[in-house]
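First up is the structure itself, then whatever we jot down about it.
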Amino acid sequence: MVVGAGHNALVAACYLARAGLDVEVVERRDVVGGAVSTVERFPGYHMDVGSSAHIMVRHTGIVEELDLAAHGLVYQDLDPWGYAPFDSDAIALHVDLDAACQSIAKVCGDADAYAYHGFASAWSAHNLKVFEAFQHPPTGRHLVRHLAGIGRSSGVPSIELGRQFLLSGDELLDLHFTDERLKTALAWMGAQSGPPTHQPATAELVAWNMVMHRLPPGHPVGGSGMLSVALARRFAAAGGTLRLGDAATHVEVGAAGVHAVQTASGDRIACRAVIAGCHILETVDLLGDGLLGATARTVNVGNGIGMVVRVATDALPQYPSATGPEAWGGMQLLAPSRHALRAAWADYLLGRPPAEPIPLVMTFSAFDDTIAPAGKHNITIWAQWHAYELANGEHWDEIADREGHKLVAAVDRAAPGFADSVEHLHVQTPLELERELGLRRGTEMHLQRNLAQIFAWRPTPQLSGNRTPVTGLYLTGASTHPGGGVFGASGRSAAKVLLADRRPRWWRPWA
Ligand SMILES: Cc1cc2nc3c(=O)[nH]c(=O)nc-3n(C[C@H](O)[C@H](O)[C@H](O)COP(=O)(O)OP(=O)(O)OC[C@H]3O[C@@H](n4cnc5c(N)ncnc54)[C@H](O)[C@@H]3O)c2cc1C
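Here the sequence shown is numbered in the working numbering, starting from 13 and rising by one per residue.
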């Protein structure tokens with residue numbers, strides 16, 4: 013039994029069904045995918061509910077292993093993956109490193125372009141090793157082995173590498189580059205996991221993005237949710253059962269471990285194992301207090317990350333710097349400066365909506381004509397930081413419209429005329445993300461991504477590694493290693509751990 017049909021849970025379900033197990037998935041919502049789903053918000057507009065840009069999953073090999081192309085998944089490459097307009101100039105971060113450096117040279121000069129070449133080459137190689145550590149349950153053995161591997165293959169002494177990983181993203185950028193516009197674009201991209209890049213140990217969040225020069229991020233034709241739809245089809249083809257619109261309400265545990273799941277419709281489904289793909293705090297609630305240990309409730313969810321508006325327009329944003337369609341190829345990074353990023357973070361800490369929200373714009377209808385009516389556009393404006401719990405006496409339901417229009421205005425400042433092109437607007441505040449997707453406090457990554465909640469500390473040391481103290485109960489999803497984002501690695505790890513536990517003991521000498 014798998015609880016939740018988020019994409020990690022679906023990945024786990026596919027691997028288990030492929031191995032011949034009898035698997036049922038129960039999902040509270042009427043659509044599959046959780047934060048990787050797409051729905052028709054306005055006639056003809058198929059809008060993402062959560063994620064839009066798929067970066068990590070394309071590096072895992074899961075798409076190929078499960079042959080998701082045969083189940084309807086078609087990726088369009090996002091290239092350039094980043095486009096940062098500044099007045100009449102723009103930096104285009106093409107997938108091709110030389111082309112990206114040419115763009116940087118035009119705006120920031122040769123020295124920064126040269127530095128970027130070295131930075132991107134080194135960190136995309138380092139991150140291949142980091143990525144290997146992401147592909148397995150987080151044991152100390154794997155972590156140390158892979159990090160030592162970075163030192164060996166790069167020739168950088170591990171003590172120096174350790175120092176670089178502990179730097180803030182801003183310190184790392186200051187070490188390498190001089191032009192503030194380049195640093196701003198990379199800092200804003202680096203902040204996408206949640207923490208601002210002035211915080212300690214965020215260097216890797218900035219440097220991680222260099223992997224996009226090896227393999228571009230993708231947009232599934234039809235919307236982000238088409239990944240989940242393909243997973244659901246793959247699961248059904250392997251004989252799995254998917255039950256939508258019926259939440260798990262209780263996981264029954266006896267002396268021998270989990271043995272049944274009760275659902276909101278009143279059903280009781282007997283089972284020998286459960287993979288919980290929902291938020292860790294939901295899993296704690298489903299089991300009842302105590303069973304997952306006292307620390308399970310102490311995880312740090314944070315106070316939300318951001319909010320998003322989905323807009324239907326009759327035109328694409330026109331940036332004065334744009335000379336061709338490259339502006340709409342990927343993620344449009346509209347942070348005016350690192351100072352503005354810090355100001356938005358300061359508002360977040362004080363519990364008030366940002367005076368100047370920082371947008372990241374995606375315009376995938378520029379090249380996918382299935383997600384908007386002919387001649388129209390389907391545009392996502394994601395912004396940070398937005399506190400879930402406001403300290404200024406306001407309520408998200410009362411200010412949703414105002415804050416949504418603030419985001420449109422922020423895009424209009426970079427692309428004059430944009431606001432006039434808007435025909436419909438759907439606002440998703442942190443509170444609305446919690447209601448629709450079950451993301452506690454609207455935190456898209458389930459838990460804060462800080463040093464104390466990564467690798468073998470995620471969600472807690474006792475619950476890392478996909479196993480739990482309850483026999484037959486396994487965890488997957490953004491609450492577990494390697495964390496949030498469109499990834500799937502945690503789902504595959506959970507399935508592998510469960511399958512390993514079913515083998516006779518003599519067959520798994522490592523257990
Ligand atoms: C607005 C937004 C934008 C984002 N943008 C990006 C992006 O561009 N790129 C990126 O990489 N990441 C992005 N993310 C993050 C990413 O989408 C998530 O971190 C990731 O999808 C979480 O996946 P998951 O497998 O943990 O499951 P979730 O998506 O959290 O799904 C959990 C599922 O469990 C179900 N469920 C919960 N409780 C129960 C229950 N009791 N019974 C049955 N079902 C239950 C829920 O309904 C849900 O379907 C974004 C997220 C949001 C919200």
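All C-beta atoms in this analysis are idealised placements derived from N, C-alpha and C, irrespective of residue type, glycine included.
Can you list, in chain order, the residues of its chain whose CB lies under 6 Å from that of residue i, leaving out five sequence neighbours each side?
i: Arg146; result: For the sequence presented, residue 146 should be read as Phe rather than Arg. Only Pro494 and Ala501 meet the Cβ criterion.
i: Ala17; result: Val37, Glu39 and Val44
i: Ala422; result: Pro369 and Pro371
i: Leu78; result: Cys26 and Arg246
i: Ala339; result: Tyr95 and Tyr331
i: Phe98; result: Arg193
Does ligand 3 have even one heavy atom less than 7 Å from the beta-carbon of residue i?
i: Cys290; result: The model depicted lacks ligand 3 and carries ligand 1 instead.
Since residue i contacts residue j with CB under 8 Å, what's their CB separation in whole angstroms?
i: Ile292; j: Val311; result: 6 Å
i: Gly496; j: Glu456; result: 6 Å
i: Leu419; j: Ala395; result: 5 Å
i: Arg470; j: Thr492; result: 6 Å
i: Thr50; j: Met224; result: Not quite, the Cβ-Cβ distance comes to about 22 Å (not below 8 Å), so this is no contact.
i: Gly234; j: Ile383; result: 7 Å
i: Arg461; j: Ser205; result: 5 Å
i: His129; j: Leu109; result: 6 Å
i: Asp413; j: Val439; result: 6 Å
i: Ala282; j: Ala272; result: 5 Å
i: Val265; j: Leu303; result: 6 Å
i: Leu451; j: Ala47; result: 7 Å
For residue i, I'd like the list of residues in its chain whose CB is within less than 7 Å of its CB, leaving aside the five on either flank, ordered along the chain.
i: Gly202; result: Gly181, Thr209, Thr214, Leu217, Val218 and Asn221
i: Leu4; result: What the structure shows of the chain is the stretch from 13 to 523, and residue 4 is not part of that stretch, so it cannot be assessed.
i: Gly484; result: Gly269, Val270, Arg284, Ala285 and Val286
i: Ala127; result: His188 and Phe189
i: Phe564; result: No statement about residue 564 is possible, as the shown extent of the chain runs from 13 to 523 and does not include it.
i: Gly363; result: Ala399, Glu401, Leu402, Ala403 and Asn404
i: Gly429; result: Gln330
i: Gly161; result: Lys141
i: Pro2; result: This structure does not reach residue 2, given that the chain is present from 13 up to 523, and the question cannot be answered.
i: Gln176; result: Leu184 and Ala215
i: Trp522; result: Below a pLDDT of 50, predicted positions are generally treated as unreliable, and Trp522, at 44, falls in that range; the measurement from the model is reported next regardless. Within the same chain, Trp522 has no close Cβ partners at all.
i: Ile74; result: Val23, Gly500 and Arg504
Would residue i pass as a contact of residue j if the rule is Cβ separation under 8 Å?
i: Gly84; j: Arg245; result: yes
i: Arg504; j: Tyr87; result: no
i: Leu22; j: Phe247; result: yes
i: Trp135; j: Pro229; result: no
i: Pro329; j: Val373; result: yes
i: Ala276; j: Thr261; result: yes
i: His66; j: Ser236; result: yes
i: Val320; j: Leu437; result: no
i: Leu459; j: Gly62; result: no
i: Asp91; j: Gly342; result: yes
i: His453; j: Gly314; result: According to the sequence as given, residue 453 is Arg; it is not His. Cβ atoms of Arg453 and Gly314: closer than 8 Å.
i: Leu194; j: Cys120; result: yes
i: Val509; j: Asn478; result: yes
i: Leu256; j: Arg41; result: yes
i: Gly252; j: Ala24; result: no
i: Ile411; j: Pro365; result: yes
i: Leu227; j: His19; result: no
i: Pro150; j: Ala468; result: yes
i: Trp397; j: Ile466; result: no
i: Val15; j: Ala288; result: yes
i: Arg309; j: Val296; result: yes
Contact criterion: CB-CB distance below 8 Å. Does residue i meet it with respect to chain B?
i: Val14; result: Annotation note: the requested chain B is absent from the structure, which comprises a single protein chain.
Excluding sequence positions up to five away, which residues of its chain have a Cβ less than 8 Å from the Cβ of residue i?
i: Lys388; result: Gly56, Tyr57, Ala324, Thr325, Asp326, Ser377 and Glu435
i: Gly305; result: Thr472, Gln474, Leu475 and Pro481
i: Ala197; result: Gly94, Ala96, Ile103, Leu105, Leu345 and Ala347
Which word fits residue i, buried or exposed, when buried means at least 16 other C-beta atoms lie within 10 angstroms of its C-beta?
i: Glu401; result: exposed
i: His148; result: buried
i: Ser100; result: exposed
i: Ala507; result: buried
i: Gln114; result: exposed
i: Pro232; result: buried
i: Ile171; result: exposed
i: Glu415; result: buried
i: Gly167; result: exposed
i: Thr335; result: exposed
i: Ser433; result: buried
i: Arg515; result: exposed
i: Glu76; result: exposed
i: Asp359; result: buried
i: Arg7; result: This structure cannot speak to residue 7, because the chain is shown only from 13 to 523.
i: Glu133; result: Checking the sequence shown, residue 133 turns out to be Ser, not Glu. By the 10 Å Cβ count, Ser133 comes out exposed.
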